[in-house]
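To keep things clear, I will list the structure first and then write my remarks on it.
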Amino acid sequence: MNDFITNVKENNSIVIIETNGYLNNVGGEAVSTLVYEKMAQGKTKFLINMASTKIVNSIGVSILIEIIEKLQEVNGKIGYYNLAPIVAKTFNIMGLTKYSTVYETEEAAVNEL
Amino acid sequence: MKKPSVELRLPILPNMELIATQTAEVISRHMSLTDDQCAEISMALIEACINAFEHSKAENNVFINFLIEDDSLVIKVIDQGIGFDKTKVEIPKIENKIGKDERKRGWGLQLIQELMDSVEFESNDEGTTVTMKKNIKH
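Chains as they are written, first to last, in the working numbering: chain A, 1 to 113; chain B, 1 to 138.
See the structure below:
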């Protein structure tokens, strides 16, 4: 685990990743490395709790697009919750919300993913 | 009377764009911009800085000028790189990127244009100036 990923847990077979700080190339690669490790172990559903990530850049978000693409190959899914408004807007502009889902709360995410 | 301005000179080093966003936040508060406006300015600034750092192949510094107008904040991001032809920059669509070989990156200009009220690009083989404007809406 690096500084960007502060906690990883599982709930109902969903891997929940908590992040902290700037989602840039380094943060994005930390998430993708973890997701690909978990996919190799058979996990296909992932949630990212972005409550402590108030700032992103398009390089970091592009890595999430790569993750979405990999998950499609195994019928997997990824979702996000606790997004700052600008992060949600960025995801919307970049089209992530067409291929993954933003949830309000962890409970809603775990129930619906 | 000359309008107030702030000038930054950023070295091309990882995460230096965050210095620009911190400055933008202070100026936004001074101008009583909303939190959403401030966040949009910061996001656009990050993308403009990344473009200047990565794509311009500039070797020196990137300059950022914040111009505080009565009814708007104008930000100029200036590099001394190789320039680019905006007409050759395709509008990115995620549908063209997912499941295809196309690179997943290339969203910077699109984000800047969506988040700011107006954007102008001046570019030649001696550098690029991106001029972004956010109108004050209290």
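From the three backbone atoms N, C-alpha and C, an ideal C-beta is built for every residue, glycine too.
Taking residue i as the reference, which of the options has the closest Cα?
| i | options | result |
| --- | --- | --- |
| A199 of chain A | A:K70, A:N111, A:K54, A:I59 | The structure shown does not extend to residue 199 of chain A, since chain A spans only 1 to 113, so no value can be given for it. |
| D85 of chain B | B:L13, B:N60, B:P92, B:D125 | B:D125 |
| K38 of chain A | A:G60, A:N24, A:V74, A:N92 | A:V74 |
| K100 of chain B | A:I68, A:N20, A:V15, A:I16 | A:I68 |
| E107 of chain A | A:N2, A:I93, A:N11 | A:N11 |
Tell me which residue opens and which closes the alpha helix (DSSP H) that residue i is part of.
| i | result |
| --- | --- |
| V31 of chain A | 25-40 |
| A39 of chain B | 35-50 |
| E59 of chain B | No alpha helix (DSSP H) holds E59 of chain B; DSSP gives it neither H nor E. |
| Q108 of chain B | Sequence check: residue 108 of chain B is Gly here, not Gln. Unbroken alpha helix (DSSP H) run through G108 of chain B: 108-115. |
| L71 of chain A | 58-72 |
Using a Cβ cut-off of 9 Å, pull out every chain B residue sitting near residue i, in sequence order please.
| i | result |
| --- | --- |
| M94 of chain A | P92, I94, W107, Q110, L111 |
Return the first residue and the last residue of the beta strand (DSSP E) that residue i is part of.
| i | result |
| --- | --- |
| D79 of chain B | 72-79 |
| I27 of chain B | Per DSSP, I27 of chain B belongs to no beta strand (DSSP E); it is in the alpha helix (DSSP H), 17-30. |
| V87 of chain A | Looking at the DSSP string, V87 of chain A is not in any beta strand (DSSP E); the run it does join, the alpha helix (DSSP H), is 85-94. |
| I12 of chain B | Segment: none, I12 of chain B is in no beta strand (DSSP E) and carries neither H nor E. |
Mind pulling the chain A residues with CB within less than 8 Å of residue i?
| i | result |
| --- | --- |
| D36 of chain B | P85, I86 |
Under 7 Å Cβ-Cβ, which residues of chain A neighbour residue i?
| i | result |
| --- | --- |
| K104 of chain B | S62, I65, E66 |
| E25 of chain B | Residues of chain A passing the Cβ test: none, with the nearest at roughly 11 Å. |
| K97 of chain B | I65 |
| E114 of chain B | I93 |
List the residues of chain B whose Cβ lies closer than 8 Å to the Cβ of residue i, in chain order.
| i | result |
| --- | --- |
| T90 of chain A | M43, L111 |
Mind the definition here: the segment 1-15 of chain B touches the segment 90-102 of chain A only if three or more C-beta pairs lie below 8 Å; say whether that holds. Flag = no, the segment 1-15 of chain B and the segment 90-102 of chain A do not touch.
Are at least three pairs of beta-carbons, each pair with one atom in the segment 1-19 of chain A and one in the segment 45-53 of chain A, less than 8 Å apart? With a cut-off of 8 Å, the segment 45-53 of chain A and the segment 1-19 of chain A count as touching, because enough Cβ pairs lie within range.
Report the residues of the segment 32-53 of chain A with a CB closer than 9 Å to any CB of chain B, ordered along the chain. For the segment 32-53 of chain A, which is checked against every Cβ of chain B, not one residue is closer than 9 Å.
Quick check: the segment 35-49 of chain B against the segment 72-80 of chain B, are at least 3 beta-carbon pairs closer than 8 Å? With contact defined as three or more Cβ pairs closer than 8 Å, the segment 72-80 of chain B and the segment 35-49 of chain B are in contact.
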